[in-house]
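Chains as they are written, first to last, in the numbering used here: chain A, 1369 to 1678; chain B, 74 to 437.
We put the CB at the ideal spot given by N, CA and C, even for glycine.
One structure is given below, encoded as structure tokens.
In structure tokens, the structure reads:
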């Protein structure tokens, strides 16, 4: 027990929380933008898998990180575009389409990986590049704070900036207002001349962009290669974090950090010779509890409203 | 009006058929890009599964567990609950069965029954959780059920690894199932086992329950319009939870039967994916258990074909996922072919209208 506590109350643990939370922050923000646009999208898992693979392929063949990031973004956003076309234009059932794209993400990435590297498990045969870690000058010299904040992957800082970016986008820009109005009441939005399908499409593409960054981080920062099904449900945890944050930017960010700390905790406990299977369950159980908390809250509010009306 | 309904039904069938055709066309396109000898590869993919009794047996073996998960999904999704926990139910149901099959010695006839029931009960419990969370907390079933699948996976692996692991197996697997628990094979030259008969019985009972009984009708009514169901006096939360329990029970039985029929010890290291396959089959069968065997046979055929193809060429089996995804996407899209359908409906109603007028003129 002492070993667990001493490892939790350390700067290293907080550092690892940020490291582990990065993909969750990205995908929960992506889910948030899309949800504000009134679209139920569960295809983030597929987007992230394709972007992670794209990043590896791009950086391995061009030997250039920027090409990797670009190819990752293109592949992730292609999935978002397919989702958008079928759900918005062909009026498909969003949940089933998302499910199909996740199946495509799981099998399709292994298919491509095998054709390119001859291996179905991971991309270690490809010499892909990593996005570097950076030390922030001045801050890195501050004790504790420096150990926590400095030395992260570039994309971790991008994730933190994305929180601010999404907040400004949704709350302070005309586009954000349009996205929210389309999500709240598409008919009212249409009546004042907002193009509903176009706005939802834009929201989905922004979501796809942000989620793809999360996927790229997984294969160019979190790990130095792509492995089969490497998202392990993170796309869905992001949706759950967004639910817990009730569609608001900063609460969603906090929820993503919470899920991230559950994962970091599980990582620590696995190294302490506890049964790793049980410890690996922790983040998922945490997410389930989180899902129950939100719903309960909403029910209370709804019943209060009803009581008032009566 | 009958004509309109007929056309709509026709188009549902056409849409499914065309979705399959598009998916296969895409698969062939990919094969012809990837393979060095596309014609031979495609021959293996299409004809390969039928070239030996062994392979035909393989199709039936692959199909057997899918019958269970697909019927379970038909029942669960008819209430408009996108519950993915059939995957976890299948896995952990199998673990529960393995536990009974390696630890207790029960007389021969009874042993598989007890083991399979244990699998079913565990499965019911697992699929019940997302429904309970939805009814009580409005938690989205897709998200909660997928999280539950991971919990099932690690819980199952824990039980195998720490409670019933056979240290002499050489890899992570349970002890061998006691002989009395194992399901007998049906034919001597294949591994097709008694589970096939149980599966077909489940399909039949599932069809009667969902399409021909009062309970099935109330499930489908909730799926179509929960408010209407509520105002016609149906206890919506109770039915939702009940049908998820039932669907999970069937998926759990599927996991149990697969273990006792196909394996001598529990040896899964990850989720086998049969629950997710069940979703695709149920969608193809339009949530009607009657069509499940056909759809399950189709997927099993594609699976075995891809397997034969992967052994003889450089196209990996994961091409099946691509086919599956394309089929689901097209079947799920409402407006795909809708223009054509509307034109046909307008044309037929016009004709009917003209006919009626003609009749009226004649009578006058």
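Can the beta-carbon of residue 1436 of chain A be found closer than 9 angstroms to that of residue 1451 of chain A?
The criterion of a C-beta distance shorter than 9 angstroms is not satisfied by residue 1436 of chain A and residue 1451 of chain A.
Report the CB separation of residue 1414 of chain A from residue 1447 of chain A in whole angstroms; it is logged as a contact under 8 angstroms.
5 angstroms
I'd like to know if residue 1425 of chain A contacts chain B, where contact means its C-beta is closer than 9 angstroms to some C-beta of that chain.
With 9 angstroms as the cut-off, residue 1425 of chain A does not count as an interface residue toward chain B.
Thinking residue 1395 of chain A and residue 1594 of chain A are a contact (beta carbons under 8 angstroms), I'd like their distance in whole angstroms, please.
Contact doesn't hold; Cβ gap of about 17 angstroms is too wide.
Please specify which runs of the alpha helix (DSSP H), each continuous and at least 4 residues long, are wholly inside the stretch 121-171 of chain B, giving them in chain order.
Counting whole runs of 4 or more residues, the stretch 121-171 of chain B contains the alpha helix (DSSP H) stretches 126-151.
Locate the alpha helix (DSSP H) running through residue 431 of chain B, then write down its first and last residues.
411-436
Say whether chain A places a C-beta atom closer than 9 angstroms to the C-beta of residue 148 of chain B.
no
Could one say the Cβ of residue 140 of chain B lies closer than 9 angstroms to chain A's Cβ atoms, at least one of them?
no
For residue 311 of chain B, count neighbouring Cβ atoms within 10 angstroms of its own Cβ and tell me buried if that reaches 16, exposed if not.
Exposed.
For residue 102 of chain B, count neighbouring Cβ atoms within 10 angstroms of its own Cβ and tell me buried if that reaches 16, exposed if not.
exposed
Checking 9 angstroms against the spacing of the C-beta atoms, do residue 210 of chain B and residue 1661 of chain A come in under that value?
It is a contact, given that the beta carbons lie within the stated cut-off.
Compare the C-beta of residue 1635 of chain A against all C-beta atoms of chain B and say whether one is closer than 9 angstroms.
No, residue 1635 of chain A lies away from the interface with chain B (no Cβ there is under 9 angstroms from its Cβ).
Assuming residue 163 of chain B contacts residue 279 of chain B under a Cβ cut-off of 8 angstroms, what Cβ separation, rounded to an integer in Å, is found between them?
Between residue 279 of chain B and residue 163 of chain B the Cβ distance is about 16 angstroms, and since that is not below 8 angstroms, they are no contact.
Between residue 1590 of chain A and residue 1422 of chain A, what straight-line distance do the alpha-carbon atoms span, to the nearest angstrom?
15 angstroms
Going by DSSP, what residues sit across from residue 266 of chain B in a beta bridge?
B/258
Can you name, in chain order, every residue of its own chain whose Cβ lies under 6 angstroms from the Cβ of residue 1537 of chain A, other than the five neighbours on each side?
1544
Measuring only the C-alpha atoms, how far is residue 213 of chain B from residue 300 of chain B?
19 angstroms
Note down, in chain order, every chain A residue with its Cβ under 7 angstroms from the Cβ of residue 299 of chain B.
Neighbours of residue 299 of chain B in chain A, taken as residues whose beta carbon is under 7 angstroms from its own, are absent, since the nearest beta carbon is some 16 angstroms off.
What is the DSSP secondary structure of residue 238 of chain B, reduced to helix, strand or coil?
strand
Which partner residues does residue 1521 of chain A have in the DSSP bridge list?
A/1501
Of all the options B/247, B/335 and B/161, which has the alpha carbon lying nearest to the alpha carbon of residue 196 of chain B?
Checked all of B/247, B/335 and B/161; the closest Cα to residue 196 of chain B is B/161.
Nearest chain B C-beta to residue 1604 of chain A closer than 9 angstroms, yes or no?
yes
Please list the partners that residue 91 of chain B has in chain A, where partner means a Cβ-to-Cβ separation under 8 angstroms.
None at all; the shortest Cβ gap to chain A is about 13 angstroms.
Could you have a look at residue 178 of chain B and say whether DSSP puts it in helix, strand or coil?
coil
Between which two residues does the alpha helix (DSSP H) holding residue 79 of chain B run?
75-107
Going by DSSP, name the residue or residues bridged to residue 1460 of chain A.
B/406
Which residue marks the beginning of the alpha helix (DSSP H) containing residue 1610 of chain A, and which one marks its end?
Counting along the chain, the unbroken alpha helix (DSSP H) around residue 1610 of chain A starts and ends at 1602-1612.
From the DSSP output, in three-state form, read off residue 337 of chain B for me.
Residue 337 of chain B: coil per DSSP, three-state reduction.
Tell whether a beta-carbon distance below 9 angstroms holds between residue 1617 of chain A and residue 1526 of chain A.
Not closer than 9 angstroms, so no.
What residues in the stretch 233-263 of chain B have a beta carbon less than 8 angstroms from any beta carbon of chain A?
234 and 235
Can you tell me which residues form a DSSP beta bridge with residue 36 of chain B?
As shown, chain B starts at 74 and ends at 437. That puts residue 36 of chain B outside it, with no answer to give.
May I ask you to list, following chain order, the residues of the stretch 194-210 of chain B that have a beta carbon less than 9 angstroms from some beta carbon of chain E?
Included in the structure are the protein chains A and B, with no chain E among them.
Taking the CB atoms as reference points, tell me whether residue 1681 of chain A and residue 391 of chain B lie closer together than 9 angstroms.
Because chain A spans 1369 through 1678 in this model, residue 1681 of chain A falls outside it and cannot be assessed.
I want to verify the contact list: residues of chain A whose CB lies under 8 angstroms from the CB of residue 427 of chain B, in sequence order.
In chain order: nothing, as chain A lies at least about 32 angstroms away.
Mind checking the stretch 1592-1622 of chain A against chain B and listing, in chain order, the residues whose C-beta falls within less than 8 angstroms of any C-beta there?
Going along the stretch 1592-1622 of chain A in chain order, one finds 1600, 1601, 1604, 1605, 1607, 1608 and 1611 with a Cβ nearer than 8 angstroms to chain B.
Secondary structure at residue 1490 of chain A, three-state DSSP: helix, strand or coil?
It is a strand residue.
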